[in-house]
Each structure stands twice: as structure tokens, then as C-alpha cells.
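Enquirer:
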Amino acid sequence: MTRHILFVCLGNICRSPAAEAVLRAKAARAGLMVEVDSAGTGDWHVGEPPHPPMIAAATARGYRLEALRARQLSVSDFARFDMILTMDNANQRKASALRAQAGMGPLPKLFLSYAPDCGLTEVPDPWYTGDFDQTLDLLEAATDGLIAALLSTDQR
Ligand code: 4NP
1 MTRHILFVCL GNICRSPAAE AVLRAKAARA GLMVEVDSAG TGDWHVGEPP HPPMIAAATA
61 RGYRLEALRA RQLSVSDFAR FDMILTMDNA NQRKASALRA QAGMGPLPKL FLSYAPDCGL
121 TEVPDPWYTG DFDQTLDLLE AATDGLIAAL LSTDQR
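Residue 1 is where the sequence shown starts when you use the UniProt record's numbering, and the numbers rise one by one after that.
Here it is in C-alpha cells:
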């Protein structure tokens, strides 16, 4: 069974495209079938590639982001995806409001709920912190937790 998973942040040029690339790579290694995408709740960067320092930090860890292009989250995403995973409480609120408008689809969930030991519930926005390695550390930890959860539901 292929899962359709969407990551959501604010601009779709830092956290969620990086999460998309990390999950794509780790799921392939784990033999898990996923279709992954990402979107932003804001529209300022629609059509742009990810932020260059995010591309650089991800490339240093073997994740390719340069072909991705930003898009905005829409009501139709709630019909296309099985899981919608948000980066912080503000994205979570906006995605939940769109879910209410859609009247169907998955309830958005904070991605770091899959990394309960990381000490944070939100992925800090590297657009403001400048700490792109912290972003990747958190995304890798949550991706490992997500993959473990998906593999355990496969076995039931
Ligand atoms: P992201 O980071 O939500 O992780 O993509 C941001 C990128 C751009 C802006 C905010 C956050 N911005 O305000 O343009």
C-alpha cells in the first residue's frame, strides 16, 4: 500500500521541502512505499526553489532539494493525502482550518509528535534562526519515528 504524505510549513522553501526529501530517501531505504509532497500555508514563494542555504545543508547530508518548487496548501490536498504533517503550531492551525473547509481528509498533525524525545514540539523556522542543521536533525529524528510507526501498522 502506498501512503500519500504531505508536509506543511509556512513558506515551503525550508522545512517542508527538506522533510519531503528526507522521508523520500529514508522510506526508499526502509522499503516503504510513499508518495511525498510538501506545501506552504503562505503564498510568497510559490514557484520558487527551496532557500539556497537549506539546499546546501540538505545536499551535505545527501538529500536533493533543488528540483522542488514551492506551492501553497489547498483544500484539494485533503482529498489527495492520507497524512498531513505540520511543522509548527501556526501551520497546524491554518491546516486545521482548511481541513474544516474541506470537510474531509486527514486531521493535520504536528510532525515532531513522531520524535517525542527531541525536546521540542515545533520545528524552529530556519528562515529566522539560520540553523539549517538543527532543522535537518529534527526532521531526520521525526522521519525515523514516522517510518517506525508506518512499518508497525503494516505488520498488523
Ligand atoms: P519555511 O520557512 O516555512 O520553513 O519554508 C520560511 C520561509 C520563508 C518565510 C517564512 C518562513 N517568509 O516569510 O518568506
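Just so you know, even glycine gets a beta-carbon here, dropped at the ideal spot from N, CA and C.
Report yes if the C-beta distance between P50 and L85 is below 9 Å; otherwise report no.
Expert: One-based indexing of the sequence shown puts residue 50 at position 50. One-based indexing of the sequence shown puts residue 85 at position 85. No, they are not a contact pair.
Enquirer: Does the distance from the C-beta atom of Y63 to that of A115 stay below 9 Å?
Expert: Working through the sequence shown from its first residue, we reach residue 63 at position 63. Working through the sequence shown from its first residue, we reach residue 115 at position 115. No. Outside cutoff.
Enquirer: By the 10 Å Cβ neighbour count, where 16 or more other Cβ atoms means buried, how is A27 classified, buried or exposed?
Expert: Position 27 of the sequence shown, counted from the first residue, corresponds to residue 27. Flag for A27 reads buried.
Enquirer: Tell me the start and end of each unbroken alpha helix (DSSP H) in the UniProt domain "Phosphotyrosine protein phosphatase I" (3-149) that is at least 4 residues and wholly inside, in chain order.
Expert: The UniProt domain "Phosphotyrosine protein phosphatase I" (3-149) contains these whole alpha helix (DSSP H) runs: 15-30, 52-60, 77-80, 89-102, 126-129.
Enquirer: Would you call P53 buried or exposed, if buried means 16 or more other Cβ atoms sit within 10 Å of its Cβ?
Expert: Taking the first residue of the sequence shown as 1, we reach residue 53 at position 53. So P53 counts as exposed.
Enquirer: Using C-beta distances below 8 Å, list every residue in its chain close to A95, excluding the 5 sequence neighbours before and after it, in chain order.
Expert: What you label residue 95 is simply residue 95 of the sequence shown in a count that begins at 1. Counting only Cβ-Cβ distances below 8 Å, and skipping sequence neighbours, we find V8, T41, L73, I84, T86, P108.
Enquirer: May I ask you to check if the CB of H45 is nearer than 8 Å to at least one heavy atom of the ligand 4NP?
Expert: Taking the sequence shown and counting its residues from 1, one reaches residue 45 at position 45. Yes, Cβ of H45 sits closer than 8 Å to a heavy atom of the ligand 4NP.
Enquirer: When every heavy atom of the ligand 4NP is checked, does at least one fall within less than 8 Å of the C-beta of S76?
Expert: Your numbering for residue 76 matches position 76 in the sequence shown. Result no, Cβ not under 8 Å from the ligand 4NP.
Enquirer: In whole angstroms, what is the alpha-carbon distance linking T135 and L68?
Expert: For the purposes of this step, residue 135 is identified with residue 135 of the sequence shown, where counting begins at 1. For the purposes of this step, residue 68 is identified with residue 68 of the sequence shown, where counting begins at 1. Roughly 18 Å separates the two Cα atoms.
Enquirer: What do you get for residue 188, buried or exposed, if any count of 16 or more other CB atoms within 10 angstroms of its CB means buried?
Expert: Coverage of the chain is limited to positions 1 through 156, which leaves residue 188 absent and any answer about it impossible.
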